[in-house]
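The opening residue of the sequence shown carries number 1 in full-length UniProt numbering; numbering runs sequentially from there.
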Amino acid sequence: MLTSTNAILPTNDPDRTVAFYQSLGFVLHARHDSDYLVFAQNGVELHFAHDPEHVAETSDHAVYFHSDDVDTLSGAMAKLNWVAQGYPRFAPAQDRPWGMRELHVLDPDGHLIRIGQEVT
């Protein structure tokens, strides 16, 4: 019986990935041989494997996180001024037609990170 899932995404710069995900509030739970990262936050894990040939501009990976307070996360992320730091795609939380309030951002490796909360 399945009990959980964890995404494993490629990164071409593990140190940059650590800095970015720590800014999202993730804790670096484990780092194996500098090539494999495990982040955790409130029981949610996200893994990264070093791939020096990964190209952010051609990445087609995406991860969806559920939140119980997407507006607070969105406000905190907006204060990070990611666009000025070179992360060109950040959209603050807004209601979507499918009944979710969502934000999204591209991480430094080009992965689409979406965070959503059911609209009640």
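Using N, Cα and C, we set each Cβ at its ideal position, and we do this for glycine too. Because the structure is a prediction, the values reported are computed rather than measured.
Residue(s) in a DSSP beta bridge with residue i
i, result
"residue 10", "49"
"residue 100", "118"
"residue 31", "37"
Euclidean distance between Cα positions of residue i and residue j
i, j, result
"residue 9", "residue 120", "32 Å"
"residue 39", "residue 26", "6 Å"
"residue 117", "residue 54", "31 Å"
"residue 134", "residue 94", "This structure does not reach residue 134, given that the chain is present from 1 up to 120, and the question cannot be answered."
"residue 74", "residue 45", "20 Å"
"residue 92", "residue 103", "5 Å"
"residue 62", "residue 110", "9 Å"
First through last residue of the beta strand (DSSP E) which encompasses residue i
i, result
"residue 116", "112-118"
"residue 65", "62-66"
"residue 24", "Unbroken run through residue 24: none, as it is neither H nor E."
Residue i in three-state terms, based on DSSP
i, result
"residue 77", "helix"
"residue 85", "coil"
"residue 38", "strand"
"residue 169", "Residue coverage of the chain in this structure runs from 1 to 120, which leaves residue 169 outside it and unanswerable."
"residue 55", "coil"
Nonlocal neighbours in the same chain, by C-beta distance under 7 Å from residue i, ignoring five residues either side
i, result
"residue 90", "77, 82, 83, 105"
Same chain, Cβ closer than 6 Å to residue i, five either side skipped, listed in chain order
i, result
"residue 52", "12"
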